[in-house]
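Below is one structure, written out as structure tokens; the observations come after it.
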Amino acid sequence: MRISKAWIVATKDMRVFLRRKSANYSLVLFPLIVSVGLPLVLRFVGARQGGLSSTRLPILMNSFSFFFLIGAALLPTVLASYSLVGEKIEKSLEPLLAAPITDSELLLGKSIAAFIPPVGAIYISSIVFMVLANLVTHNTLGYLYFPNWAIGLILLLLTPLSAILSIEWCVIVSSRASDARAAQMQGLFIALPLLAIYVASEVGAISLNTSTLLIISAVILVADIILFFLSTKTFQREEILTKWT
Amino acid sequence: MITIENLTKKFGKVTAVEGLTFQVKEGEVFGFLGPNGAGKTTTIRMLCCLISKTSGEATIGDYHIGKADDSLQIRRMIGLIPDNVGLYDDLTASENLDFYGKLYECPEGPRRENIERFLKMLDLWERKDTRAGSFSKGMKQKLALARALVHEPKILFMDEPTANLDPESAKTVRDFILEVKKQGRTIFLNTHNLDEAQRVCDRIGIIKKKLLTIGTPEQLRESLSKPKTEIRLAQVTETMLSTLRKLIPNKIEVSDNKLLIDVTDPDKENPAIIAAIASTGGQVREVTQLAPTLEDVYLQIVKETK
């Protein structure tokens, strides 16, 4: 496999995304809400009489950190569905598949294009979030809460694993979908288990500490491997051309 | 350049193409004619390594279709213009070409030169920084032509390149095909358009799942039927007809004051026919030499297979 070929496809796809307003809005809106909105919530709740105790605050901040993981599962679905179903809609698959590029190079290129912008947006917004959250909680906690091991695990391990899972899921879904919106809608299902984990943490059923996050990482890694084989099976030249178009 | 032997493609129980055998020579414009669903696009897709063959053999240059190691080499040698142009609407004309130039491993210098050369040849240079999505159908088709040539392929596969184009755009595309032919490239042209096939193709194959016939446009016309001579007269008389029937045993049809005579060698036979008519006192008003058109050939051959 030649990475250079995959990169040519990836840069083309990323250029196309940057010119589509709807894709840009999706990339900006969620990270903006999480990075600025959640610290504002901390500020608002903390400012109320009594505020949040220094023992309750870390639990809430860990839960909020989990939003980046949910974002890592949600955002790639927008780009992956554009990347795959978009080719189907524009009927550009035939000349692309006739070019000297292997199926795996093409799949890798499309995956890189759906991976880099959302994960980049998540990383940038997480930095903003950490800075703002530290600012609004420093007086109560007496120390800078971020960075810590939990958000380190979320950003460096869980975020890429979730983004990969989301992209692989989209490849499978896109083979059946006839338009980008339908593919996006079906792609969003991948975030449901993560939302369930978030809700479980909020109701106190589980604690999002480092060991829990490591267990979640292991589960997502296994799911990544299974979906990798399923998506590569779906992404076959003849299958794409005769069934996708 | 292209050799096909007994090539067959089945989709499940449905046979799309059966037992194709023919060759396309280097530098030739080969026209593939056939009705919808005849297997033209399937054949191109097999030759472009887009779909697998069910059986048979096909080679492009020295490379074998269906052999995994040869597939990339074949794709480097060819350019494809599918029936849907398949451009990226959000990319500009030059970005569309640049993307494909890179995919085909065309070095930057020649790639830039080719982009400029082909866009200028197709009158698109002024619009090089315009997004392809805003182009008319004809402009998109021209851009697809440039895209297929940006890496200088030896063989160009074209699937109905002038379908749905206005006459002016269609002419530009046809002229461009002839220009590409002059450069020595082999062109495999799928088309419905008989006039187009007659104008640009060196040889034509007519397909309806199987190859029905193949030859130059002239050979195909000759294969259908003998030429006919149409003679308009002041009056057709019985004496005239009996004299003509003795002279030429060929078929003679009479309609009003017209004679329609099957001839094998018009240059030799027509003067004798006219002399025979004159000897019976007939007055010749007009003589027209009729030859079967490619459309006649196509319709008859396709009709015979029904």
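Keeping their order, the protein sequence lines are chains A and B.
For what it's worth, the numbering used here labels the leading residue of the first sequence as 3, then goes sequentially.
For what it's worth, the numbering used here labels the leading residue of the second sequence as 20, then goes sequentially.
Glycine included, every Cβ here is placed at the ideal spot set by N, Cα and C.
Requested in this report: Note down, one range per segment and in chain order, each alpha helix (DSSP H) of at least 4 residues found wholly within the stretch 31-93 of chain B.
Outcome: Correct list: 59-66.
Query raised in the report: Looking at the C-beta of B/S113, does it have a partner C-beta in chain A at a distance below 8 Å?
Result: Indexing the second sequence from 1 puts residue 113 of chain B at position 94. Closer than 8 Å to the CB of B/S113 there is not a single CB belonging to chain A.
Query raised in the report: Counting along the chain, where does the alpha helix (DSSP H) carrying A/F19 start and finish?
Result: Taking the first sequence and counting its residues from 1, one reaches residue 19 of chain A at position 17. Bounds of the alpha helix (DSSP H) holding A/F19 are 5-20.
Requested in this report: Under 8 Å by Cβ, that's how I've got B/D108 and B/A163 pegged, so tell me the actual separation to the nearest angstrom.
Outcome: The sequence position of residue 108 of chain B within the second sequence is 89, counting from 1. The sequence position of residue 163 of chain B within the second sequence is 144, counting from 1. The Cβ separation is near 13 Å, so there is no contact.
Requested in this report: Report buried or exposed for A/I114, applying the criterion of at least 16 other Cβ atoms within 10 angstroms of its Cβ.
Outcome: Indexing the first sequence from 1 puts residue 114 of chain A at position 112. When all chains shown are included, A/I114 counts as buried.
Requested in this report: Could you name the residues of chain A that B/K121 contacts, counting a contact when the two beta carbons are closer than 8 Å?
Outcome: In the second sequence, residue 121 of chain B corresponds to position 102, counting from 1. By Cβ distance, chain A contributes I10.
Query raised in the report: Can you list, in chain order, the stretches of the beta strand (DSSP E) that have 3 or more residues and sit fully within the stretch 146-186 of chain B?
Result: Fully enclosed beta strand (DSSP E) runs of no fewer than 3 residues occupy 174-178 of the stretch 146-186 of chain B, in order along the chain.
Report task. With a threshold of 16 other CB atoms inside 10 Å of the CB of B/E45, please say whether the residue is buried or exposed. Result -> Start at 1 with the first residue of the second sequence, and residue 45 of chain B comes out as number 26. Exposed, since its Cβ has fewer than 16 Cβ neighbours within 10 Å.
Query raised in the report: According to the Cβ coordinates, are B/F51 and B/L208 closer than 8 Å?
Result: For the purposes of this step, residue 51 of chain B is identified with residue 32 of the second sequence, where counting begins at 1. For the purposes of this step, residue 208 of chain B is identified with residue 189 of the second sequence, where counting begins at 1. Result yes, Cβ atoms of B/F51 and B/L208 sit closer than 8 Å.
Report task. Mind listing the chain B neighbours of A/L99? Cutoff is C-beta to C-beta under 7 Å, in chain order. Result -> For the purposes of this step, residue 99 of chain A is identified with residue 97 of the first sequence, where counting begins at 1. Simply L69.
Query raised in the report: Are the stretch 271-284 of chain B and the stretch 251-261 of chain B in contact at 8 Å, needing three or more beta carbon pairs?
Result: Touching, yes.
**Report entry** Contacting residues, own chain, Cβ-Cβ under 8 Å from A/I118 (five flanking each side not counted)
**Finding:** Translated into the one-based positions of the first sequence, residue 118 of chain A becomes position 116. Once the five neighbours on either side are set aside, the close Cβ partners of A/I118 are A12, M16.
**Report entry** Proximal residues, the stretch 99-113 of chain A versus chain C, C-beta separation under 7 Å
**Finding:** Although the question refers to chain C, the structure presented lacks it and instead comprises the protein chains A and B.
Query raised in the report: Taking just the CA atoms, how far does B/R136 sit from A/R183?
Result: Along the first sequence, one-based indexing puts residue 183 of chain A at 181. Along the second sequence, one-based indexing puts residue 136 of chain B at 117. Annotation: A/R183 to B/R136 spans about 39 Å, alpha carbon to alpha carbon.
**Report entry** Under the three-state DSSP convention, the category B/Q254 falls into
**Finding:** Your numbering for residue 254 of chain B matches position 235 in the second sequence. In this structure, B/Q254 counts as coil in the three-state DSSP scheme.
Query raised in the report: Exposed or buried, what is A/E170 when buried is set at 16 or more other beta-carbons lying within 10 Å of its beta-carbon?
Result: Walking along the first sequence from the start, residue 170 of chain A turns up at place 168. Around the beta carbon of A/E170, 16 or more other beta carbons lie within 10 angstroms, which makes this residue buried.
**Report entry** Alpha carbon of A/T142 to alpha carbon of A/M63, nearest angstrom
**Finding:** Here residue 142 of chain A is taken as the residue at index 140 of the first sequence, counted from 1. Here residue 63 of chain A is taken as the residue at index 61 of the first sequence, counted from 1. Those two C-alpha atoms are separated by around 13 Å.
Query raised in the report: Between the C-alpha atoms of B/K147 and A/I10, what's the straight-line distance to the nearest angstrom?
Result: As a working mapping, residue 147 of chain B is identified with position 128 in the second sequence. As a working mapping, residue 10 of chain A is identified with position 8 in the first sequence. Whole-angstrom Cα-Cα distance: 20 Å.
Query raised in the report: Between A/P78 and A/I126, what straight-line distance do the alpha-carbon atoms span, to the nearest angstrom?
Result: On the first sequence, position 76 is the one that residue 78 of chain A refers to. On the first sequence, position 124 is the one that residue 126 of chain A refers to. Each residue's Cα considered, the two are about 16 Å apart.
**Report entry** Secondary structure, alpha helix (DSSP H): runs of 4+ residues fully inside the stretch 107-190 of chain A
**Finding:** Entirely contained in the stretch 107-190 of chain A, the alpha helix (DSSP H) runs reaching 4 residues are, in chain order, 151-155, 161-176, 182-189.
**Report entry** Outcome for A/K23 when other beta-carbon atoms lying within 10 angstroms are tallied against a minimum of 16
**Finding:** As a position in the first sequence, residue 23 of chain A is number 21, starting the count at 1. Looking at its Cβ environment, which holds fewer than 16 other Cβ atoms inside 10 Å, A/K23 is exposed.
Query raised in the report: Whose CA, out of B/G234, B/K201, B/Q202, lies closest to the CA of B/A216?
Result: For this step, residue 216 of chain B is matched to residue 197 along the second sequence. Of B/G234, B/K201, B/Q202, the residue nearest in Cα terms is B/G234.
Requested in this report: My understanding is that B/D178 touches B/I100, with C-beta atoms under 8 Å, so please give their C-beta distance in whole angstroms.
Outcome: Taking the second sequence and counting its residues from 1, the one referred to as residue 178 of chain B is at position 159. Taking the second sequence and counting its residues from 1, the one referred to as residue 100 of chain B is at position 81. Distance from B/D178 to B/I100 at the Cβ level is roughly 6 Å; contact confirmed, criterion being Cβ atoms closer than 8 Å.
Requested in this report: Rounded to whole angstroms, what's the CA-CA distance from B/F154 to A/K90? Just pull it up for me.
Outcome: Here residue 154 of chain B refers to the residue found at position 135 when the second sequence is read from its first residue. Here residue 90 of chain A refers to the residue found at position 88 when the first sequence is read from its first residue. Taking the straight line from one Cα to the other gives about 20 Å.
Query - Contact the stretch 85-95 of chain B vs the stretch 32-44 of chain B: 3+ CB pairs below 8 Å - result: No, because fewer than three Cβ pairs between the stretch 85-95 of chain B and the stretch 32-44 of chain B fall closer than 8 Å, the two stretches do not touch.
Report task. Enumerate in chain order the residues of its own chain whose CB-to-CB distance from A/D181 is below 8 Å, with the five nearest sequence positions on each side excluded. Result -> Taking the first sequence and counting its residues from 1, the one referred to as residue 181 of chain A is at position 179. For A/D181, where only same-chain residues beyond five positions count, the Cβ hits under 8 Å are V87, I91.
Query - Residues near B/R264 in its chain [Cβ-Cβ closer than 8 Å; skip 5 each side] - result: Counted from its first residue, the second sequence places residue 264 of chain B at position 245. Same-chain partners within the cutoff: I271.
**Report entry** Below-8 Å beta-carbon distance, A/S94 vs any chain B residue
**Finding:** Residue mapping note: residue 94 of chain A aligns to position 92 of the first sequence, counting from 1. At least one beta carbon of chain B lies nearer than 8 Å to the beta carbon of A/S94.
Query raised in the report: Under a Cβ-count criterion, where at least 16 other Cβ atoms within 10 Å of its own Cβ denotes burial, should B/Q160 be classed as buried or exposed?
Result: Stepping through the second sequence from its first residue, residue 160 of chain B is reached at position 141. Buried.
Requested in this report: Just tell me which of B/I293, B/N269, B/E127 has its CA closest to the CA of B/R304.
Outcome: Translated into the one-based positions of the second sequence, residue 304 of chain B becomes position 285. Per the Cα distances, B/I293.
Query raised in the report: Relative to the C-alpha of B/T27, which residue among B/T61, B/A167, B/G53, B/N55 is closest?
Result: To locate residue 27 of chain B, count along the second sequence from 1; it is residue 8. Checked all of B/T61, B/A167, B/G53, B/N55; the closest Cα to B/T27 is B/T61.
Query raised in the report: Between which two residues does the beta strand (DSSP E) carrying B/R222 extend?
Result: Sequence index remark: in the second sequence, residue 222 of chain B carries index 203 (1-based). That run of the beta strand (DSSP E) goes 222-227.
Query - Contact set for B/A295: own chain, Cβ-Cβ below 7 Å, skip 5 residues either direction - result: Numbered from 1 along the second sequence, position 276 holds the residue referred to as residue 295 of chain B. Leaving aside the five residues that flank B/A295 on each side, the residues in its chain whose CB is nearer than 7 Å to its CB run, in chain order, T262, L263, L266.
Query raised in the report: So which residues on chain A does B/P126 lean against when the C-beta distance must stay under 9 Å?
Result: On the second sequence, position 107 is the one that residue 126 of chain B refers to. The contacting residues do not exist; B/P126 stays about 13 Å from chain A at best.
Query raised in the report: For chain A, is any of its Cβ atoms less than 8 Å away from the one on B/R166?
Result: Stepping through the second sequence from its first residue, residue 166 of chain B is reached at position 147. Chain A, which has a Cβ nearer than 8 Å to the Cβ of B/R166, makes this yes.
Query raised in the report: Going by Cα to Cα distance, which pick from A/L159, A/L109, A/S106 is closest to A/L2?
Result: Any answer about residue 2 of chain A is impossible in this case: the structure gives chain A only from 3 up to 247.
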